[in-house]
Each structure stands twice: as C-alpha cells, then as structure tokens.
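Novice: Residue numbers (this note's numbering): 464 to 1178.
Backbone N, C-alpha and C define an ideal beta-carbon position, used for all residues, glycine too.
There's a structure below that I have some questions on.
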Amino acid sequence: MNSLKLILLATLAVVPFKKSIKAQTLKKGNITVNYPNTKKVDSIDTYFDTKVKDPYRWLEDDRSAETEKWVNTQNKTTFSYLEKIPYRETLRKRLEKLWNYEKITAPFKEGKYTYYYKNNGLQNQYVLYQKKDQNSDEVFLDPNTFTKDGTTSLSSINFSKDGSLAAYAISEGGSDWRKVITIDTESKKIIEDTLVDIKFSGISWKGNEGFYYSSYDKPDGSELSAKTDQHKLYYHKLGTPQTSDVVIYGGNDIEKHRYVGGYLTEDEKFLVITAAKSTSGNKLFIKDLTTPNSKLVCIIDNFDSDSYVIDNKDTKLYISTNKNAPNKKIVTVDASNPLPENWKDLIPETENVLSANIGGGYFFTEYTVDAISKVYQYDYNGKLIREIKLPGIGSASGFSAKNTDKELYFNFTNYNTPWCTYKYNIETGKYNEYWKPKIDFDSEKYESKQVFYTSKDGTKIPMIITHKKGIKLDGKNPTILYGYGGFNISLTPSFSTPNSVWLEQGGIYAVANLRGGGEYGKKWHVAGTKLKKQNVFDDFAAAAHFLTSEKYTSSDYLAIRGGSNGGLLVGATLTQQPNLAKVAICQVGVLDMLRYHTFTAGAGWAYDYGTAEESKEMFEYLKKYSPLHNVKQGIEYPATLVTTGDHDDRVVPAHSFKFAATLQEYQTGINPALIRIETNAGHGAGTPISKTIEQYADIFAFSLFNMGIKTIQKL
464 MNSLKLILLA
474 TLAVVPFKKS
484 IKAQTLKKGN
494 ITVNYPNTKK
504 VDSIDTYFDT
514 KVKDPYRWLE
524 DDRSAETEKW
534 VNTQNKTTFS
544 YLEKIPYRET
554 LRKRLEKLWN
564 YEKITAPFKE
574 GKYTYYYKNN
584 GLQNQYVLYQ
594 KKDQNSDEVF
604 LDPNTFTKDG
614 TTSLSSINFS
624 KDGSLAAYAI
634 SEGGSDWRKV
644 ITIDTESKKI
654 IEDTLVDIKF
664 SGISWKGNEG
674 FYYSSYDKPD
684 GSELSAKTDQ
694 HKLYYHKLGT
704 PQTSDVVIYG
714 GNDIEKHRYV
724 GGYLTEDEKF
734 LVITAAKSTS
744 GNKLFIKDLT
754 TPNSKLVCII
764 DNFDSDSYVI
774 DNKDTKLYIS
784 TNKNAPNKKI
794 VTVDASNPLP
804 ENWKDLIPET
814 ENVLSANIGG
824 GYFFTEYTVD
834 AISKVYQYDY
844 NGKLIREIKL
854 PGIGSASGFS
864 AKNTDKELYF
874 NFTNYNTPWC
884 TYKYNIETGK
894 YNEYWKPKID
904 FDSEKYESKQ
914 VFYTSKDGTK
924 IPMIITHKKG
934 IKLDGKNPTI
944 LYGYGGFNIS
954 LTPSFSTPNS
964 VWLEQGGIYA
974 VANLRGGGEY
984 GKKWHVAGTK
994 LKKQNVFDDF
1004 AAAAHFLTSE
1014 KYTSSDYLAI
1024 RGGSNGGLLV
1034 GATLTQQPNL
1044 AKVAICQVGV
1054 LDMLRYHTFT
1064 AGAGWAYDYG
1074 TAEESKEMFE
1084 YLKKYSPLHN
1094 VKQGIEYPAT
1104 LVTTGDHDDR
1114 VVPAHSFKFA
1124 ATLQEYQTGI
1134 NPALIRIETN
1144 AGHGAGTPIS
1154 KTIEQYADIF
1164 AFSLFNMGIK
1174 TIQKL
C-alpha cells in the first residue's frame, strides 16, 4: 500500500469453478450455431472497495493446451457458420480478382542503386527490387520466399549513408518482435549473425560501422503477452556479437521508459534520442557525434509535448513540436543552447494540424483541413514557396527526399480513387503521373460526400460517406460505419481494395472523424481521452443516428466496424446501444479496460485510457464503459463477429477471447456471437494477402447475411 492509494487492494484467486456456460443453439435462416462450452473459474480482483469477477481469466494463458483447444473449437464453430453463407465464396473470388493487379511503390535511391517495392497482384508480400540503370531491375529481397505460407514479412529496411550496407527487419507470424539481418547490397550476402528480440524499433546507421536500435529485455513469461515496460536504445557495432551491444539510453530502474528511439540527422552530425512513457509526449536529447566523448544534451526533460528534430544545418536545429502549439509548428534553435526558451518560430502554428517532411533543401508541410490534405513548400528561412495543388480532394503522402535530391515522389488517394504516385520537381513545383494502377474498378461510378453532424454535447463531427452515384436514400442500403477515435490518429480519405467490393454491392461506406483522433490537433485528441473517452462513443453513435435519420440506411442495414482502439469503440458501442446497428465487427479490440495495461506494452496507452489502478474515479469510469464488463444478461446484441490473431502481441487475443465467451454466455435472440481467430497472425501488419482476402470475404458475407441480404451481384 502506498500513500497515493493507486490501488487500495488488489487480490487475485484463480480456482477451477465447477461451472461452464451451456452450449447454446441458435438458428439464423438455415444456419444453426452450437456454441461450444467455455469453462468458468473463480477469479476475482478487488479494486479499491469493488470486487470484479473475471471468470474467463484462464484464456489469458496463450501457451496452454486448454486455450489452444478452445481456439480450435471456436474456429470450427465460426467457420462452420461462415461456410454456409451462400455468397461467401462469390465475395472471396471477387476480392481475389479485384486485388489481382500490379502494385508499385515510389522509387528511392540508396547509394548507386534505386529501389522500389512491387506486388504482381496476389503475392502474399511485396517484393523489394534493386535497379542500377534503366534495364537492370532484379529482386533484392523477396519475403515470399522466407516461409511457404507467407506469414514472415519484411517489416522495414534501412541503408547506410553510402548505400553499400542494409539492415532489414522481419516479423514472424505477425509478431511485433523482430529479427534484424545485415546484408551487403552489391553481393546480397548476409555479413553477420542475425540480431534477435528487437521490438518497436527503427534502425539508424552510423557510417558503415554499426547502427542504433531499440528493444526490451526478453520477458520471463509468454513472449506474446508478458509485460514489457523498459525500452532501451542500443548501439550495435558491425561484426560483434549482440551480447556486447552497448546501451546508449534507458535501463534506469528509477524511471522506466516504455518507448525509446534514436536516429541520426542526415549529415550524421547528431544522434537524436526520444524517450516516452506513453504514446503521447516525449523527452528529447541530442548528442554531437563529431566530438569524441560528447555528452548527451537534454532539450526537453518532460512529457508535456511531442517534439522531434527533423533536420539541421550544421549546428542549427529544426524541430517539429506541439509545445505551446496544439496544431504543431516548426522552430529553430542552435545546438549549443537548445532549450525551449531559445526557440524561434520558423513556420508558426495555424488553425490546421501540421505534418512536416523535408526534401531537396525544403520543408513540405501537409495540413489536415477537415481530414483533407493541403500541402505547402517552404524554404529553410520559413518563406512560403508555393501551395502544391493536389490532383483532387483527398489524402497526400510522401513529399520526402534527401537534401541533395532534385525530385521527390508523392502519393494521392481518396475513398474511391486508388493510390496514384506522382513525380515532383522540387524547384519548379511541376509534377506528372509516375504510376497509376490498372484495377478492375470504375471510380467514376462512385462519389464521396463530407457531412458535419452534431454529437450528443453539440460538437460538430465530420464524416465522409462514399457510395454509388444516384443511390436511392430509402433506408435499405447496406452500410458500414467505420471509426477509430484515439491516439491522435487521423482518418483521412484512402482507397481500399476490399471496401470497393462493398461499394460494388450497393453498399455505403462511412468514416466518422471522432474526437480522440488527430484531425483537429491536440485539443481534439485530448477531448477523447481518459475521463472524456465517452465523447468518442457518443460521436460514433451520433454518426449512426445521422445515417439513419437521413435515410442512407436504417439500423437493420447498418454494421459498425473498427479495429484495435476502434475495436474498443465497437465493443463499447454495442454494449451501450445494442439496438443501434444490426451487425458489429470488432477487430483486434482493446476490450478489457481494467487489465489492458498488464499485457506487453499496454501500459503505454494510459495517456489515452488511464488505468484502473491510478484512482477510484478512473477505475469506476473505465468499468462503466469496458466492453467486457458491460455485457448483460437478457439483451439481444447485434450479430457480432470478433476477429483477432493468435500471435497478436500488441492487443493480446485474450481481450477478444474473454469478450466473445461472455457474449456467447449472455446473448439472447437469434443474432450470432462468433469469434474468428487467425492462426499464425498478429495485429495486422504483414498479414499475407491470401489471409486478408479470406478475412474480408468473411466480414462482408457475415454482415450482408445478417442484414437479411439473400443474393448479391456477381461481378
């Protein structure tokens, strides 16, 4: 017990309990579902003066044979249901056909070679190509050869400044844990032993001598779920064993940092180090690498802002920050005395949120205006050179290059326009189309409209609604409402191959820009955090009410969908307003709000969520909306499909396991409550295309079938 009373009392007893939920049977159309038995145990936590039962705690043990058996049984039940949906295979084939087009990324130059990623169509992973001249394209790295089933992915690659060496990271089974392999770019030969147990890390080369990376100590318990809260920055000298790598920052038991990163400025003069306790706010340090034994200089010693060195000119630093500027700005300061009181505004804060890149000796500032991109080019004196007129209304990305480059590439997309890549002349501001996909989808038949609706407390929320032109607003259009609402992440218009299949079927796809996101800067983010988290759920529900009141759809034809923090959004919404939608798709969701912080790096999410241990008020608030703790008996919840991956070490699958078991126990009526568990897969990144296609076919088939749609168009 401590004087701050973060937890007055926390006890846990896990004893086998001679009960299990009875196998229930429901019939939907011609499909019968027999839920499997799920054992219950006596597991009780006491928070302050409240006892909380957790009868499915045993499902948190991802290494047990009993959990594995439960997973297999649940999957058998779920796929038995999905296989009986008559048009599931038609949807899968259409997804496969539509996905089967060549995809090429923007090229980038490293040393004497140019590189780009390409996917021929249905390859599980993108292939990295190397090009020395116009006629010499050849495969550099093909992740499809790493494993037979395509479940090992290339998660990142970083080159030394002269381009002669590269270190690439691979993820196995979708895990956040990485292995790093160093390769000679000319011979393509591996030049040293593989580094292992690396997590949440970039790689930054120091000449050709070695590189910096970050990781945690390997946990004693399960690699997938054990808590990791002591991040460290290491330096690896090439040719030496990993055991001799030096800790540069972190490892101080007095003050643990959950996220520590390090990177070099382009001229390799400064090492920049960031340290954070959560997903928002960081300390900032620099170290002059040109001076032997130089000290680490602290620029910011607290977590009150997000601040990063984005470039330098000799000792002049350029910093992107939201310190005293919720929408961000760019400041300058000399490295000899870089404290905030010496900062000078270069590109001041505006009413719109700033995201900055550099290339060719210029800043490229992307501003988010009601979730839509506007891009401007500035010189290093802060002078506006031009606004870059984008190809349309949507999202732009890229605008990044080395300081010596004369050209750069950027991407443009929106909800009904596939990603296109453009080549931009940095000096003239002119650009032309570099690559446009040849996809079997007619964008001209579809349109997007931005609307602003009113949330419960009167706040105006933007939403973009996409559908076929000339659609009839009769309340009978199958509609997916998607949201996220957290972690300062903005949802901007972006083309999705699977969503285009939904649109082809006459479906509507609506994306609401909820509070908690980053669309309107830090204030918008904070308005959806901790004791204000309910704002996010209210914003989402108000979006659903808008869609039904304007006859885009009705509750019988509405599906709510979200993943990760968006999975929490769906879970909270379906338990708070079970009649809001007919279908709920809850993907890799954070669903146990009392225990989320006890797994992997989950405690780092406390800036957004708070924890049940920090105060009685926070505990009671979390318990009030925690999806797992608000499933009640005697209520008919929407037809619910919970999806997760058995190797998800970001949001551990126990969240989904326990929530699905609870829904199956309490659900009444004929709406199914199923869980789809992808094996040898993680939180989503690096998932093979074949698995992604299958998952979307199941999501769309489940949604349409439970909306009562009997037949679909064959395209």
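Residues bridged to Ile793 by DSSP?
Specialist: Residue numbering aside, residue 793 sits at position 330 when the sequence shown is read from its first letter. Paired residue(s): Ser783, Ile810.
Novice: Using beta carbons (cut-off 8 Å, strictly below), is Trp898 in contact with chain B?
Specialist: This model lacks chain B altogether, as it is built from one protein chain only.
Novice: Anyone know if the C-beta pair for Asn815 and Tyr825 falls short of 8 Å?
Specialist: On the sequence shown, residue 815 is found 352 positions in, with the first residue counted as 1. On the sequence shown, residue 825 is found 362 positions in, with the first residue counted as 1. No, the Cβ-Cβ distance between Asn815 and Tyr825 is not below 8 Å.
Novice: Assuming the contact rule is C-beta atoms closer than 8 Å, Thr942 and Ala1022 should be a hit. Round their C-beta distance to whole Å, please.
Specialist: Here residue 942 corresponds to residue number 479 of the sequence shown, with the count starting at 1. Here residue 1022 corresponds to residue number 559 of the sequence shown, with the count starting at 1. Yes, they are in contact, since the Cβ atoms of Thr942 and Ala1022 sit about 7 Å apart, within 8 Å.
Novice: Would you say the beta carbon of Leu1126 comes nearer than 7 Å to a heavy atom of the ligand SAH?
Specialist: Looking for the ligand SAH in the displayed structure turns up nothing, as the structure carries no ligands at all.
Novice: So the candidates are Gly626, Ser627, Ile644; which of them puts its Cα closest to the Cα of Ser426?
Specialist: What is shown of the chain runs 464 to 1178, which leaves residue 426 out entirely.
Novice: Give me the Cα-Cα distance between Ser741 and Tyr519, rounded to the nearest whole angstrom.
Specialist: Translated into positions along the sequence shown, residue 741 becomes position 278. Translated into positions along the sequence shown, residue 519 becomes position 56. Spanning the two alpha carbons is a distance of roughly 28 Å.
Novice: What separation, rounded to the nearest whole angstrom, lies between the Cα atoms of Ile654 and Ile494?
Specialist: As a working note, residue 654 is residue 191 in the sequence shown. As a working note, residue 494 is residue 31 in the sequence shown. Distance between the alpha carbons of Ile654 and Ile494: 57 Å.
Novice: Do Ser543 and Gln588 have their CB atoms nearer than 8 Å?
Specialist: Here the question's residue 543 lines up with position 80 in the sequence shown. Here the question's residue 588 lines up with position 125 in the sequence shown. For Ser543 and Gln588, no; Cβs fall outside 8 Å.
Novice: With a 10 Å radius around its C-beta and 16 neighbouring C-beta atoms as the bar for buried, classify Ala528 as buried or exposed.
Specialist: Numbered from its first residue, the sequence shown carries residue 528 at position 65. Classification of Ala528: exposed, given that the 10 Å Cβ count is below 16.
Novice: Using the three-state DSSP reduction, which class does Glu718 fall into: helix, strand or coil?
Specialist: For the purposes of this step, residue 718 is identified with residue 255 of the sequence shown, where counting begins at 1. Coil at Glu718, not helix or strand.
Novice: Measuring CB to CB, does Pro811 end up less than 8 Å from Ile762?
Specialist: Within the sequence shown, the letter at position 348 stands for residue 811. Within the sequence shown, the letter at position 299 stands for residue 762. No, the pair does not count as a contact, with Cβ atoms beyond the cut-off.
Novice: In whole angstroms, what is the alpha-carbon distance linking Ser906 and Leu977?
Specialist: Residue mapping note: residue 906 aligns to position 443 of the sequence shown, counting from 1. Residue mapping note: residue 977 aligns to position 514 of the sequence shown, counting from 1. Answer to the nearest angstrom: the Cα atoms are 27 Å apart.
Novice: Leaving aside the five residues before and after Asn1093 along the sequence, list all residues of the same chain whose C-beta is less than 8 Å from its C-beta, in chain order.
Specialist: Counted from its first residue, the sequence shown places residue 1093 at position 630. Cβ neighbours of Asn1093 beyond the five flanking positions: Ala1035, Thr1038, Gln1039, Lys1087.
Novice: Mapping the DSSP letters down to three states, classify Thr577 as helix, strand or coil.
Specialist: Here the question's residue 577 lines up with position 114 in the sequence shown. Strand at Thr577.
Novice: One question on the structure: do Leu871 and Tyr909 come within less than 8 Å of each other, judged by their Cβ atoms?
Specialist: As a position in the sequence shown, residue 871 is number 408, starting the count at 1. As a position in the sequence shown, residue 909 is number 446, starting the count at 1. No, they are not a contact pair.
Novice: Hey, Leu817 and Lys792 are a contact pair by Cβ (cut 8 Å); roughly how many whole angstroms apart?
Specialist: In the sequence shown, residue 817 corresponds to position 354, counting from 1. In the sequence shown, residue 792 corresponds to position 329, counting from 1. Right, the Cβ-Cβ distance comes to about 7 Å (below 8 Å), so this counts as a contact.
Novice: Using CA atoms only, rank isn't needed, just tell me which of Gly969, Pro499, Lys624, Ser1153 is closest to Asn671.
Specialist: Position 208 of the sequence shown, counting from 1, holds the residue named residue 671. Comparing Cα positions, the closest option is Lys624.
Novice: Can you say whether Arg526 is buried or exposed, counting buried as having 16 or more other CB atoms within 10 angstroms of its CB?
Specialist: Residue mapping note: residue 526 aligns to position 63 of the sequence shown, counting from 1. Looking at its Cβ environment, which holds fewer than 16 other Cβ atoms inside 10 Å, Arg526 is exposed.
Novice: Give the straight-line distance between the Cα atoms of Lys995 and Glu1077, rounded to the nearest whole angstrom.
Specialist: Along the sequence shown, one-based indexing puts residue 995 at 532. Along the sequence shown, one-based indexing puts residue 1077 at 614. Straight-line Cα distance between these residues: approximately 16 Å.
Novice: Measure the C-alpha to C-alpha separation of Glu523 and Pro1116 and round it to an integer number of angstroms.
Specialist: Here residue 523 corresponds to residue number 60 of the sequence shown, with the count starting at 1. Here residue 1116 corresponds to residue number 653 of the sequence shown, with the count starting at 1. When rounded, the distance between both Cα atoms is 8 Å.
Novice: Between the C-alpha atoms of Phe1163 and Gly970, what's the straight-line distance to the nearest angstrom?
Specialist: Locating residue 1163 in the sequence shown gives position 700, where the first residue counts as 1. Locating residue 970 in the sequence shown gives position 507, where the first residue counts as 1. Cα to Cα, Phe1163 sits roughly 10 Å from Gly970.
Novice: Going by other Cβ atoms of all chains shown within 10 Å of its Cβ, with 16 needed for buried, is Arg849 buried or exposed?
Specialist: If you number the sequence shown from 1, residue 849 lands on position 386. When all chains shown are included, Arg849 counts as exposed.
Novice: Using 8 Å as the threshold, is the C-beta distance between Gly822 and Ala788 below it?
Specialist: What you label residue 822 is simply residue 359 of the sequence shown in a count that begins at 1. What you label residue 788 is simply residue 325 of the sequence shown in a count that begins at 1. Taking 8 Å as the Cβ cut-off, Gly822 and Ala788 do not qualify as a contacting pair.
Novice: Whose C-alpha, out of Asp508, Ser634, Ser677, Asp767, is nearest the C-alpha of Asn441?
Specialist: Because residue 441 is not part of the residues shown, which for the chain are 464 to 1178, the question remains open.
Novice: Helix, strand or coil for Tyr830? Go by DSSP, reduced to three states.
Specialist: Translated into the one-based positions of the sequence shown, residue 830 becomes position 367. Strand, per DSSP.
Novice: At which residues does the beta strand (DSSP E) containing Lys516 begin and terminate?
Specialist: Position 53 of the sequence shown, counting from 1, holds the residue named residue 516. Segment 513-516, the beta strand (DSSP E) holding Lys516.
Novice: Let me know the secondary structure DSSP gives Lys485 once reduced to three states.
Specialist: The residue given as residue 485 occupies position 22 in the sequence shown. Summary for Lys485: the model assigns pLDDT 40, below 50, so the residue's position carries little reliability, and this model does not support an answer.
Novice: Assuming Asn866 and Glu729 form a contact by the criterion Cβ under 8 Å, report the distance between their Cβ atoms to the nearest whole angstrom.
Specialist: As a first step, residue 866 is located in the sequence shown; it is residue number 403 there, counting from the start. As a first step, residue 729 is located in the sequence shown; it is residue number 266 there, counting from the start. Going by Cβ atoms, the distance from Asn866 to Glu729 rounds to 6 Å, so yes, they are a contact pair.
Novice: My guess is that Leu1054 and Phe1122 are in contact by the Cβ rule of under 8 Å, so how many angstroms apart are they, rounded?
Specialist: The residue given as residue 1054 occupies position 591 in the sequence shown. The residue given as residue 1122 occupies position 659 in the sequence shown. That pair is a contact at about 4 Å.
Novice: Would you kindly check if the distance between the Cβ of Gly984 and the Cβ of Ile952 is under 8 Å?
Specialist: Numbered from 1 along the sequence shown, position 489 holds the residue referred to as residue 952. Numbered from 1 along the sequence shown, position 521 holds the residue referred to as residue 984. Cβ atoms of Ile952 and Gly984: not closer than 8 Å.
Novice: Three Cβ pairs or more, each shorter than 8 Å: is that satisfied between the segment 1097-1105 and the segment 1061-1068?
Specialist: Cβ pair count under 8 Å is below three, so no.
Novice: For the beta strand (DSSP E) that contains Lys985, what are its first and last residues?
Specialist: As a working mapping, residue 985 is identified with position 522 in the sequence shown. Run containing Lys985: none in the beta strand (DSSP E); it sits in the alpha helix (DSSP H), 985-989.
Novice: Mapping the DSSP letters down to three states, classify Thr880 as helix, strand or coil.
Specialist: To locate residue 880, count along the sequence shown from 1; it is residue 417. Here Thr880 sits in strand by DSSP.
Novice: If you count every other CB in all the chains shown that lies within 10 Å of the CB of Phe1168, and 16 or more means buried, which is it?
Specialist: The residue given as residue 1168 occupies position 705 in the sequence shown. Classification for Phe1168: buried.
Novice: In three-state DSSP terms, what is Lys556?
Specialist: By 1-based counting over the sequence shown, the position of residue 556 is 93. Helix.
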